[in-house]
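Going line by line, the protein sequences match chains A and B. For the working numbering, count along the first sequence from 1 and bump the result up by 7. For the working numbering, count along the second sequence from 1 and bump the result up by 7. Ideal Cβ positions, reconstructed from N, Cα and C, are used throughout, including at glycine. No experiment lies behind these values; they were computed from the predicted model shown. Read the structure below first, then the notes.
Number of protein chains: 2
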Amino acid sequence: MIETPYLLFLGDAADPLAAKVAQGIKDWRPEHCVGQLRLEGCKADMGLEDLTIEEAIARGAKTMVIGVANRGGYISDLWRAVLKEALVAGLDLASGLHNLLHEEQDLVLVADQNGRSLHDVRIPSVRYPIANGQKRSGKRCLAVGTDCSVGKMYTALCMEKEMRARGMKASFRATGQTGILITGEGVPLDAVIADFMAGSIEFLTPDNDDDHWDLIEGQGSLYHASYSGVTLALVHGGQPDALILCHEPTRKHMRGLPEYQQPGLEELRDTALVLARVVNPDAKVVGISINTAGLDEDAAKAYCAETEARMGLPTVDPFRHGAGRLVDALD
Amino acid sequence: MIETPYLLFLGDAADPLAAKVAQGIKDWRPEHCVGQLRLEGCKADMGLEDLTIEEAIARGAKTMVIGVANRGGYISDLWRAVLKEALVAGLDLASGLHNLLHEEQDLVLVADQNGRSLHDVRIPSVRYPIANGQKRSGKRCLAVGTDCSVGKMYTALCMEKEMRARGMKASFRATGQTGILITGEGVPLDAVIADFMAGSIEFLTPDNDDDHWDLIEGQGSLYHASYSGVTLALVHGGQPDALILCHEPTRKHMRGLPEYQQPGLEELRDTALVLARVVNPDAKVVGISINTAGLDEDAAKAYCAETEARMGLPTVDPFRHGAGRLVDALD
Numbered sequence: 008m009i010e011t012p013y014l015l016f017l018g019d020a021a022d023p024l025a026a027k028v029a030q031g032i033k034d035w036r037p038e039h040c041v042g043q044l045r046l047e048g049c050k051a052d053m054g055l056e057d058l059t060i061e062e063a064i065a066r067g068a069k070t071m072v073i074g075v076a077n078r079g080g081y082i083s084d085l086w087r088a089v090l091k092e093a094l095v096a097g098l099d100l101a102s103g104l105h106n107l108l109h110e111e112q113d114l115v116l117v118a119d120q121n122g123r124s125l126h127d128v129r130i131p132s133v134r135y136p137i138a139n140g141q142k143r144s145g146k147r148c149l150a151v152g153t154d155c156s157v158g159k160m161y162t163a164l165c166m167e168k169e170m171r172a173r174g175m176k177a178s179f180r181a182t183g184q185t186g187i188l189i190t191g192e193g194v195p196l197d198a199v200i201a202d203f204m205a206g207s208i209e210f211l212t213p214d215n216d217d218d219h220w221d222l223i224e225g226q227g228s229l230y231h232a233s234y235s236g237v238t239l240a241l242v243h244g245g246q247p248d249a250l251i252l253c254h255e256p257t258r259k260h261m262r263g264l265p266e267y268q269q270p271g272l273e274e275l276r277d278t279a280l281v282l283a284r285v286v287n288p289d290a291k292v293v294g295i296s297i298n299t300a301g302l303d304e305d306a307a308k309a310y311c312a313e314t315e316a317r318m319g320l321p322t323v324d325p326f327r328h329g330a331g332r333l334v335d336a337l338d
Numbered sequence: 008m009i010e011t012p013y014l015l016f017l018g019d020a021a022d023p024l025a026a027k028v029a030q031g032i033k034d035w036r037p038e039h040c041v042g043q044l045r046l047e048g049c050k051a052d053m054g055l056e057d058l059t060i061e062e063a064i065a066r067g068a069k070t071m072v073i074g075v076a077n078r079g080g081y082i083s084d085l086w087r088a089v090l091k092e093a094l095v096a097g098l099d100l101a102s103g104l105h106n107l108l109h110e111e112q113d114l115v116l117v118a119d120q121n122g123r124s125l126h127d128v129r130i131p132s133v134r135y136p137i138a139n140g141q142k143r144s145g146k147r148c149l150a151v152g153t154d155c156s157v158g159k160m161y162t163a164l165c166m167e168k169e170m171r172a173r174g175m176k177a178s179f180r181a182t183g184q185t186g187i188l189i190t191g192e193g194v195p196l197d198a199v200i201a202d203f204m205a206g207s208i209e210f211l212t213p214d215n216d217d218d219h220w221d222l223i224e225g226q227g228s229l230y231h232a233s234y235s236g237v238t239l240a241l242v243h244g245g246q247p248d249a250l251i252l253c254h255e256p257t258r259k260h261m262r263g264l265p266e267y268q269q270p271g272l273e274e275l276r277d278t279a280l281v282l283a284r285v286v287n288p289d290a291k292v293v294g295i296s297i298n299t300a301g302l303d304e305d306a307a308k309a310y311c312a313e314t315e316a317r318m319g320l321p322t323v324d325p326f327r328h329g330a331g332r333l334v335d336a337l338d
């Protein structure tokens, strides 16, 4: 568990997209952000107050999160002095970069000398069990996509926000690096050893109150040749009661696979249901989430309406138009 | 790649089942076995000549394979002297035990001092790529099961043997510890990091002659809550042209999951086909393999005949009655 609140480190971000991890944390957990720290030339801005490390600590910050990535995902030498300064001053560090904090001898040394923790959320910190398939109390919702990167994480986060606003018991359960940095805990599923994938998701979504919903962050796609096994482990480890289908209508081919087309929503619905019912005979598809970022307002509304009429399921872009109708569909 | 031929180490096997790895190697690669080495009290016997390490080396042995497991899968102190003697005398060691050879400091030291290799087939020795889903030349056959441990490996090995006897080009492709020790190479799929599972199977079954068949060792089951993700990675990484359905009719529940029943063969067929056609639109289910070990001869034949009539597919126990009809079904 990563200690909050955070100081968001934006480094020398080349553009706003380079700081998308920081953006996710600021969008979904603004209460965990005391401010931002930017180096000269930084092109990203979270709209938070610019703080020094000392100012951030004075406001209660416990961890500086590396909210920026450069090409290659390595720890830039430009950042190094600030990272060490943070450790010396009393902050932990958290990172989702490929280049692990633990691979940097100098950071490990300074952290040890100062009794601070380095959190590399890209690798598991837990020894997960083999899944036992046993029915757990509480409810679970999983977003499954026609492709990777179609808005599964944002769908779950939008639903969590709406449910909490309604006073419902709801927990976003992170399964990827950004999600883990947003919530401070979770399973880096893509880095888990094959035999323990489903078990890691059972571990992540344990028994809970009967009226509590886990909103499990989806990964990959059952139709993605590279990552489908990860997705099926989520379906079987997560035992979802409710499935949300996620789709991005302007995608020309499966992400990273130019020879592959996205399946239709009907195909995804049928396949996901058959597989989900192996572990939960009552699993249902309850709604559809469309990522309309590539469409103008009229086209977005028309696409959702057409899909809803065809599929007979509430269909919205939860980030653009609110997740209320998806939450209404949970029972 | 593990160097052949082998001396099979049976240790102090408590019963024949404890030496099932040795049995698999002896059954499927007798030409790789120069003999066996047994300690006092060994209750297993491969019917091979009992050799000393020196005699085995004189007959060309390159590697001593630990063909036995005790409860817990650890390296027994009773074995240690013989393992070191083998290294000193010039043999490599190969093991599929949970307790890795590389975890034993004294074995690592003796191996280093003598320039020998320690092969732990339970962990990957290769950095596998992310799957790219591209169509490969050559043909591939994958066995998929209604459960774990229903005869998928034996089905593939029986088919390989029959195909080679017919002069066909065929390669068993190992994806588990025993299979890797049988063939000397392969992918320990259950120990691969999630993101690289499908890629490891693409790596294992590369482009080949148009009339060459890879017979890919199956793992888990699409219907097994603990391991289904591993199975789907095999389906999508393997791009099978032909699927064989495997079933064990006397199983009372899914292996290790008392609350779960095996699916019907019809269900397995439909689900496996939908998923296989994501990567290979021409994928077909060509036959059914029944593990009839728990049935007498009459019951075995009746079960296969009934299944064949119901499913409309050639149905045999390839280990008991030969794999000829399954091979006939490949085109």
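By the 16-neighbour rule on beta-carbons within 10 angstroms, B:H260 is exposed. In the DSSP annotation of this structure, A:C311 is not part of any beta strand (DSSP E); the continuous alpha helix (DSSP H) holding it starts and ends at 304-318. Non-local C-beta neighbours of B:M175 in its own chain, meaning closer than 8 Å and more than five positions away in sequence, comprise D218, W220, V334, ordered along the chain. DSSP, read as helix, strand or coil, puts A:Q226 in coil. For A:I200, a Cβ of chain B is located within less than 8 Å of the residue's own Cβ. Neighbours of A:E266 in chain B, taken as residues whose beta carbon is under 8 Å from its own, are G140, Q141, K142 in chain order. Per DSSP, A:D277 is one residue of the alpha helix (DSSP H) stretching across 272-286. DSSP places B:S132 outside both helix and strand once states are collapsed to three, so it counts as coil. For the C-beta of B:V157, not a single chain A residue is nearer than 8 Å; the gap to the nearest is close to 16 Å. DSSP places B:C49 in no beta strand (DSSP E); its state is neither H nor E. With the criterion set as a beta carbon lying under 9 Å from some beta carbon of chain A, the members of the segment 274-286 of chain B are E274, D277, T278, V281, L282, V285, V286, in sequence order. With respect to chain B, the C-beta atom of A:V128 has no partner C-beta closer than 8 Å. Within the same chain, and ignoring the five residues on either side of A:G186 in sequence, the residues whose Cβ sits closer than 6 Å to its Cβ are M160, G193, E224. Among the CB atoms of chain B, none fall inside 8 Å of the CB of A:L211.
Around the beta carbon of A:Q246, a 10 Å sphere encloses 16 or more other beta carbons of the protein chains shown; the residue is thus reported as buried. Across the structure, B:A93 and B:D19 are spaced so that their CA atoms are roughly 17 Å apart. Note: B:G42 is bridge-paired with B:L14 in the DSSP secondary-structure output. Membership of A:H328 in the alpha helix (DSSP H) is indicated by the continuous run 325-328. DSSP lists no beta-bridge partner residue for A:M170.
In the structure shown, B:R180 adopts extended strand secondary structure according to DSSP, grouped into three states. Taking all protein chains shown into account, A:D84 has fewer than 16 neighbouring C-beta atoms within 10 Å of its C-beta and is therefore exposed. About 5 Å separates the beta carbon of A:A51 from that of A:P23, a gap short enough to meet the 8 Å contact definition. Inclusion of B:G152 and B:E209 in the CB contact set at 8 Å is not warranted, their separation being larger than that value. Inclusion of B:A96 and B:E61 in the CB contact set at 8 Å is warranted, their separation being smaller than that value.
Cβ neighbours of B:T278 within its own chain (closer than 7 Å, five residues either side excluded): L229.
A:H260 is bridged by DSSP to nothing; it lacks a bridge partner. Interface annotation, A:D221: not in contact with chain B, CB-CB separation never under 8 Å. At a cut-off of 8 Å, the C-beta of A:S233 has a neighbouring C-beta in chain B. In this structure the segment 276-296 of chain B lies against the segment 315-322 of chain B, because at least three pairs of beta carbons, one per stretch, are closer than 8 Å. The Cβ-Cβ distance between A:N106 and A:G80 falls below 8 Å. If you ignore the 5 residues before and after A:D214, its C-beta comes within less than 7 Å of the C-beta of R143, S144, G145, all in its own chain and listed in chain order. A:R262 has its alpha-carbon roughly 13 Å from the corresponding atom of A:P256. Membership of A:R332 in the alpha helix (DSSP H) is indicated by the continuous run 331-335. The DSSP-derived three-state label of A:T322 is strand. Beyond the five residues adjoining it in sequence on each side, A:A249 comes within less than 7 Å, by CB distance, of C148, K291, V293, L337 in the same chain, given in chain order. Contacts with chain B at 8 Å (Cβ-Cβ) do not include A:M71.
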